[in-house]
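Shown next, in structure tokens, is the structure this report addresses.
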Amino acid sequence: MKESCCPYCQNNEVLKGFNDLETTHKHLMNEWDYLNNILLADPTAINEKYQQTVWWICKENSNHRYKLKINEKIKYEKRSLISCSICKGLRRKQEHFVRLKM
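Residue 33 is where the sequence shown starts when you use our numbering, and the numbers rise one by one after that.
Below, the structure is given as structure tokens:
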């Protein structure tokens with residue numbers, strides 16, 4: 033069978049509503065940190081091949097914010113592993129995330 037040469041089907045290009053991260057992995061959007069990712073990435077403009085690290089919110093503790101590549105996050109989810117670096121006991125630098133004044 034001949035492979036498709038469509039860049040959207042091969043995930044080489046992103047088409048909103050077809051192969052973007054928000055459409056293909058809706059379950060991850062509950063953990064997507066929209067505030068810290070505002071300048072980094074838009075989940076409707078990237079797919080799982082995006083190679084930069086992005087911010088996530090821990091599903092066990094909403095005060096935990098951590099950075100992880102999307103493909104690594106998907107791998108952790110498929111294997112039912114903890115993806116939060118803080119819950120795993122790894123350290124982070126405080127200046128790497130946006131502070132909210134309340």
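Here a beta-carbon is modelled for each residue, glycine too, at the ideal position from N, C-alpha and C. All values reported here derive from a predicted model rather than from experimental measurement.
Taking the alpha carbon of residue i as the point to measure from, which residue in the options has its own alpha carbon closest?
i    : options            : result
I106 : Q42, V46, H59      : H59
C119 : W88, C38, T76      : W88
A77  : Y98, E54, W64, T85 : E54
D52  : K99, R111, Y82     : Y82
N79  : C38, S117, Q42     : Q42
L100 : D65, L71, I70      : D65
A73  : V86, M61, C37      : V86
K110 : H57, N62, L67      : H57
M61  : P75, L67, N68      : P75
Tell me the DSSP bridge mates of residue i?
i    : result
L100 : V86
In angstroms with no decimal places, state the Cα-to-Cα distance between residue i and residue j.
i    : j    : result
N44  : I102 : 15 Å
S117 : C90  : 9 Å
S36  : I70  : 33 Å
Y40  : E104 : 21 Å
Next on the checklist: Quick check: the stretch 40-48 against the stretch 88-97, are at least 3 beta-carbon pairs closer than 8 Å?
Outcome noted: Cβ pair count under 8 Å is below three, so no.
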